[in-house]
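S.K.: Chains as they are written, first to last, in the working numbering: chain A, 80 to 191; chain B, -13 to 100.
1) Tell me which residues of the region 145 to 158 of chain A have at least one Cβ-Cβ distance to chain B shorter than 7 Å, keeping chain order.
2) I want to know whether the region 110 to 121 of chain A touches the region 154 to 172 of chain A - three or more CB-CB distances under 8 Å.
3) Please classify residue 144 of chain A: is it buried, with 16 or more other beta-carbons within 10 angstroms of its beta-carbon, or exposed?
4) Ends of the beta strand (DSSP E) at residue 100 of chain B?
5) For residue -4 of chain B and residue 95 of chain B, I'd like the C-alpha separation in whole angstroms.
6) How many Å lie between residue 149 of chain A and residue 1 of chain B at the Cα?
7) Opposite residue 165 of chain A in the DSSP bridges: which residues?
8) So, with DSSP's three-state summary, where would you put residue 72 of chain B?
9) Can you name the residues of chain B whose CB is closer than 9 Å to the CB of residue 167 of chain A?
10) Nearest chain B C-beta to residue 133 of chain A closer than 8 Å, yes or no?
11) By how many angstroms is the C-alpha of residue 101 of chain A removed from the C-alpha of residue 152 of chain A?
12) Just list the residues that DSSP pairs residue 130 of chain A with in beta bridges.
13) Hey, does residue 108 of chain A have any beta-carbon neighbour from chain B nearer than 8 Å?
14) How should residue 91 of chain A be labelled, buried or exposed, when 16 other C-beta atoms within 10 angstroms of its C-beta is the threshold for buried?
15) Could you run through the region 82 to 94 of chain B and flag, in chain order, every residue whose CB is less than 9 Å away from some CB of chain A?
16) Are the region 10 to 26 of chain B and the region 72 to 89 of chain B touching, with three or more C-beta to C-beta distances below 8 Å?
17) In the DSSP assignment, the beta strand (DSSP E) including residue 64 of chain B goes from what residue to what residue?
18) Strictly under 8 Å for the Cβ-Cβ distance: is residue 86 of chain A near chain B by that measure?
19) Let me know if residue 33 of chain B comes out buried or exposed under the rule of 16 or more other beta-carbons within 10 Å of its beta-carbon.
20) Within its chain, find whatever has a CB closer than 8 Å to the CB of residue 94 of chain A; leave out the 5 residues flanking it on each side and keep chain order.
21) Taking the beta strand (DSSP E) that residue 107 of chain A belongs to, which residues open and close that run?
22) For residue 100 of chain A, name the three-state secondary structure that DSSP assigns.
23) Counting only C-beta atoms, is residue 77 of chain B closer than 8 Å to chain A at any point?
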């Protein structure tokens, strides 16, 4: 099992709908979880981070963490065409010296 | 500085040449990471530092890759005898604390080996 897994997509969502992005991780001891957005040809930019079980909301974005099931998700409400990008999930891996490991990313396409 | 600065922005090297990529992290940031990102893939971990100490270099693909951060600030990633498979974007990121802090990325260096 890979340390951080994401569906590569593309995930197509109509404008105005909710986009749901998922990520699973292998290290039960992981404590920090991050979502980054990456536009083509650009570097990743932080959208949200979450450390505790449950939901964390920031504007149109909600991060959800379930440590028992080892998954973290990102919901984007009222999706806009500008949300079209690759979304990277990143997790700290304790059994690898607390490094931050990225998934391969999910490509999201918002349909106008 | 205001953000993580990487140079050069683009580098073209002939196969067999040595290259050096520079990363200047956000002032005061303790941790510094290097990642390699191939087209259409997520960033792959290469190595990371806490201050001047290189805590993990398990992601370096071969002994042709070497990274240093001698004074705990600027870091250099060196690739010797470049090969075509080294072509990728090399991303540097820094964070403010030892654990659990988000990474802030530079713009990356796009290396093309011909």
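Just so it is clear, CB atoms sit at the ideal spot from N, CA and C, and this is done for glycine as well.
M.R.: Looking at the coordinates:
1) none
2) yes
3) buried
4) From DSSP, residue 100 of chain B is part of no beta strand (DSSP E); its letter is neither H nor E.
5) 5 Å
6) 43 Å
7) A:117 and A:186
8) helix
9) 28 and 29
10) no
11) 4 Å
12) Its beta-bridge partners do not exist; DSSP assigns none.
13) no
14) exposed
15) 84, 85, 86, 87, 88, 89, 90, 91, 92, 93 and 94
16) yes
17) 61 to 65
18) no
19) buried
20) 158, 159, 160, 189, 190 and 191
21) Per DSSP, residue 107 of chain A belongs to no beta strand (DSSP E) and is neither H nor E.
22) strand
23) yes
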